[in-house]
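In the numbering used here, the protein residues as written are 10 to 425. Even for Gly, the Cβ is constructed at its ideal location relative to N, Cα and C. Remember, predicted model here, so these are calculated numbers, not experimental data.
What follows is the structure in structure tokens.
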């Protein structure tokens, strides 16, 4: 069978550097850092005292207070980003066939704060199990797409992918294939996460995964820099409206880009550490190129996973050099996590939005906070350091990897 073409017609973003897609983009190109001291709880006893929290966000500006209380933050964030993307796509919800509109979402953890608070409340009581009746439906990772579909009446495929930090990239690839194969006309896809909590920060600190640069949080996320010491935790959501090309064209939709392929692989190596030779990362990028029908030299821009960890950054860049050869030196490589922090299960979505907007605007956002060269990294690679660079981006790729060795890669193209 002939696969259908898939395009992006709507975007929504709720991030530590901007609460809409336009604010997010402005934050990216200006090199804005979203990291700051944590405001959600007392950090006195924690090794890391900062994160990339949302700024000036009040959920009741978007969701009725009574309804918001039934949702964990990660689901609230999903609703807000999805609503922006749906509005951006100018979907007429009275005319669209809702049986052929799906919601495929990604979340690495789900309702962590809800779980944490319910257990703490139980532990501080008299031992009687008095749990909130909304505890389970607030906590489960699949409730975000469930709530989106309930609000809008979307009756197509509806589920959550969970593959740690690769979750929303997995969701986007599933959504791509759902439309390619003719199962749906439109899919709301993306991811959300809200892990800046006592449990989230404490857990990642225990793994020695987080930066502890408490004296200068705004410069702590520093991918590719020799002095990097771990990632900075972020929160938020990203949403994309994917649509079958003819369906979008028939209704006169604005088309941001064509979603031309994706790839998946596993490191099969370690619970949390990447394979030092980047074997799984090499495989996922090759799989993505093959799925999209591209040659390595077709790619202009790669938004890396680039979390600012000592091992991961080097392994990924070695893998890029292996896959793209000499052409790797001609690619604008960056890591927008230097600004947003690491949004875990939402990372793939907001980073896909970044590369899509880079194509539309002709600008590649920078990798900020780079001050010291790492001798393990090829100096001829263009890592788009500290300042945005103008570039006519025709094909852009985004990498996302997760604990457990999960690797996902997606690629977009300017529409011919």
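Rounded separation between residue 343 and residue 352 - CA only: Going by the C-alpha atoms only, they are around 16 angstroms apart.
Cβ separation of residue 247 and residue 90, assumed to be a contact under 8 angstroms, to the nearest whole Å: Indeed they touch by this definition, with Cβ atoms about 6 angstroms apart.
Own chain residues within Cβ distance below 7 angstroms of residue 191, not counting five before or after: Closer than 7 angstroms at Cβ, skipping near neighbours: 13.
Alpha-carbon to alpha-carbon, residue 231 and residue 392: Their Cα atoms are separated by approximately 12 angstroms.
Reduced DSSP category for residue 83 - H, G, I as helix; E, B as strand; rest coil: Residue 83: helix per DSSP, three-state reduction.
Paired residues, beta bridge with residue 168 - DSSP: DSSP, once it has assigned bridges, lists 113 as partnering residue 168.
Euclidean distance between Cα positions of residue 140 and residue 121: Taking C-alpha positions only, residue 140 is separated from residue 121 by approximately 15 angstroms.
Beta carbon of residue 37 nearer than 9 angstroms to that of residue 366: It is a contact, given that the beta carbons lie within the stated cut-off.
Alpha carbon of residue 47 to alpha carbon of residue 99, nearest angstrom: Cα to Cα, residue 47 sits roughly 36 angstroms from residue 99.
Nonlocal neighbours in the same chain, by C-beta distance under 8 angstroms from residue 371, ignoring five residues either side: Contacts found: 399, 400, 401, 402.
Local conformation of residue 233 per DSSP, three classes: Three-state result, residue 233: coil.
For residue 422, the three-state DSSP class (helix, strand or coil): Collapsing the DSSP output to three states places residue 422 in a strand.
Under 9 angstroms between C-beta atoms of residue 364 and residue 312: At the C-beta level, residue 364 and residue 312 come within 9 angstroms of one another.
Any 3 or more C-beta pairs closer than 8 angstroms across the stretch 77-95 and the stretch 49-58: No: fewer than three Cβ pairs fall under 8 angstroms.
Alpha helix (DSSP H) runs wholly inside the stretch 132-169, at least 4 long, in chain order: The stretch 132-169 contains these whole alpha helix (DSSP H) runs: 144-148, 152-161.
For residue 198, the nearest candidate out of 73, 408, 249 (CA to CA): Nearest option by C-alpha distance: 249.
Where the alpha helix (DSSP H) containing residue 325 begins and where it ends: From DSSP, the alpha helix (DSSP H) with residue 325 extends over 319-333.
Alpha carbon of residue 234 to alpha carbon of residue 330, nearest angstrom: The alpha-carbon atoms of residue 234 and residue 330 are separated by roughly 18 angstroms.
Continuous beta strand (DSSP E) stretch holding residue 249: start and end: Start and end: 245-253.
Close beta carbons around residue 318, own chain, < 8 angstroms, minus the five adjacent residues each side: If we look at residue 318 and ignore the five residues flanking it on each side, its Cβ neighbours are 218, 237, 239, 240.
Residue(s) in a DSSP beta bridge with residue 200: Beta-bridge analysis with DSSP links residue 200 to 115, 247.
Short CB-CB distance (under 9 angstroms) between residue 174 and chain D: This model lacks chain D altogether; it includes just one protein chain.
7 angstroms CB neighbourhood of residue 148 in its chain, flanking five on each side removed: Sequence-distant partners of residue 148 (beyond 5 residues in either direction) whose C-beta falls short of 7 angstroms from its own C-beta, in its chain, are 81, 119, 120, 123, 124.
Candidates 268, 327, 276, 151, of which the one nearest residue 384 by Cα: Nearest option by C-alpha distance: 327.
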